[in-house]
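In the working numbering, the protein residues as written are 167 to 252.
And the structure:
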């Protein structure tokens, strides 16, 4: 099919750049969740962390010692957070 998908994605991944502000990232996450996105992953290369949002209140912050799992959105997917920062 041509064009854009008619609804929100199940998963959004945002990689924080050096010029991003906390407020801008927070706004993007809120927009994704309000649109119906089921999971938002925010990757922070500076702190080497991944913050996973399932809802505004459902937030998990993962460090390099943790395993990133796709849950119901990406069944069977998992990888060490440390492997994202090679």
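Note that beta-carbon positions come from the ideal geometry of N, C-alpha and C, so glycine has one too.
C-alpha distance - residue 241 paired with residue 220, whole-angstrom precision: Working through the chain shown from its first residue, we reach residue 241 at position 75. Working through the chain shown from its first residue, we reach residue 220 at position 54. So the two alpha carbons sit approximately 15 Å from each other.
Starting from residue 238, follow its DSSP beta bridges and name the residues at the other end. Within the chain shown, numbered from 1, the residue matching residue 238 stands at position 72. Note: residue 238 sits in no beta bridge, so no partner.
First through last residue of the alpha helix (DSSP H) which encompasses residue 196: Position 30 of the chain shown holds residue 196. Run containing residue 196: 188-201, per the alpha helix (DSSP H) assignment.
Measure the Cβ-Cβ separation of residue 228 and residue 245 and say whether it is below 8 Å. Here residue 228 refers to the residue found at position 62 when the chain shown is read from its first residue. Here residue 245 refers to the residue found at position 79 when the chain shown is read from its first residue. For residue 228 and residue 245, no; Cβs fall outside 8 Å.
Alpha-carbon to alpha-carbon, residue 203 and residue 178: Reading the chain shown from its first residue, position 12 is the one you call residue 178. Reading the chain shown from its first residue, position 37 is the one you call residue 203. So the two alpha carbons sit approximately 7 Å from each other.
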